[in-house]
Structures are given as structure tokens and as C-alpha cells.
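Some notes on the structure that comes next.
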Amino acid sequence: MLDAIHSFFQQALSSPEQRDNPPLTLELASAALLCEVMRADYDNSEAERAALKQMLMARYRLNEHDVSELMALAEAEVDDAVDHYQFVSLIKQHYGYEQRLELVNLMWQLAWADGTLDPLEEHRIRRLADLLHVSHSDFIRSKLTQSPEEHAHDHDTHGKGAPKRP
């Protein structure tokens, strides 16, 4: 079974133009990178899994069954992947900067889904943002805007009560 999934995913990534639905390969690549973030802290919490499922359903307008299948495919591919090149290169080839930045935003949301940000998750997101050619300033801005602390304030303060710069 896993060999069939792996074969399907390898074919889809190596020749997306031969598939009937090319965006599906981008969905798989995006889901795989999000799975990498979810697994970075070695704690696959139910909160993170549920958040990932909701993200994929909303972003790609898929039903629950399709998202479960997409997550299974992505997790299987991440297990077999040596590095992130196959995922990142496909995304960079087809996504503009704003779409790549939105993917980084989703990574931060996923990392915070269990209520804590593990240093391993932060490191993984930094590494993936670099590979996706998202600028450091946008990486930091994304981190700050997606943190629960930022959402808890009414945006009048930043950090430890210091006024937010214009």
C-alpha cells in the first residue's frame, strides 16, 4: 500500500504536467511541508492534526475524506523524503511570493495550534522559509502576527507592553 502511495507521489512530483489535476501536486507538496512543521517537535498532538486538517480543507476547498487522504499521502512522503528539495522546488516553481508567504503564515498557525511554540518548530519554519525564499523580515512579521499573544492584544502593544512601532 505504501509503495503504491509512494509511487503515485513520485510520479506526480516528477511530471505534474502529465496529471489530470496539476494543482493536486502543489497541494501535496504544501501539505508535506506543513506535516514537516507539525512533526518538528516529535509531538503529533491532536490539536495540531485538527488544525492541519482545517487548514487544508479551507485552503484547497476539499472535503474531509480528501483531506485525510492528502494528509496520509503527505505524511508517507515526508517519512521517505531525504530532504525538502522536491517539495520546495515545486512550490517555488508554481507559487508567487505572496503564496509562499501565506504558506509560512500557515506554518506558524500550525506550530501554535497546540498552544506552545517549540524551538524545533521555529527552527524548521525558519529553514523552510529560507528555502522558499521568503525574506527574513517577512518571516519575523509572519511569526509576530500569527502568535497567540499578538491576537490576544488589541494590537495597541507589542511584546512586553512596549508601544508598537508604526
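If you want our numbering, it's the 1-based position in the sequence shown plus 763. Ideal Cβ placement from N, Cα and C applies to all residues, glycine included.
Residue environment, residue i, which counts as buried when at least 16 other CB atoms sit within 10 Å
i: residue 893; result: exposed
i: residue 804; result: buried
i: residue 908; result: exposed
i: residue 887; result: buried
i: residue 905; result: buried
i: residue 847; result: buried
i: residue 790; result: buried
i: residue 839; result: buried
i: residue 918; result: Reliability of the predicted coordinates at residue 918 is poor, the pLDDT of 45 falling under 50, and no value is obtained from them.
i: residue 821; result: exposed
Nonlocal neighbours in the same chain, by C-beta distance under 7 Å from residue i, ignoring five residues either side
i: residue 811; result: 801, 873, 876, 877
i: residue 910; result: 875
i: residue 884; result: 800, 803, 804, 874
i: residue 912; result: none
Check whether residue i and residue j have beta carbons under 9 Å apart
i: residue 963; j: residue 853; result: The chain is shown from 764 up to 929; residue 963 falls before or after that span and cannot be answered.
i: residue 799; j: residue 867; result: no
i: residue 818; j: residue 891; result: no
i: residue 855; j: residue 828; result: no
Where the alpha helix (DSSP H) containing residue i begins and where it ends
i: residue 844; result: From DSSP, residue 844 is part of no alpha helix (DSSP H); its letter is neither H nor E.
i: residue 901; result: 899-909
i: residue 873; result: 860-875
i: residue 883; result: 882-894
Proximal residues to residue i (C-beta, below 6 Å), its chain only, five neighbours per side dropped
i: residue 850; result: 792, 795, 796
Close beta carbons around residue i, own chain, < 8 Å, minus the five adjacent residues each side
i: residue 881; result: 803, 804, 806, 874
*In the region 789-857, which residue ranges form an unbroken alpha helix (DSSP H) of at least 4 residues, counting only runs that do not cross its ends?*
809-823, 827-843, 848-857
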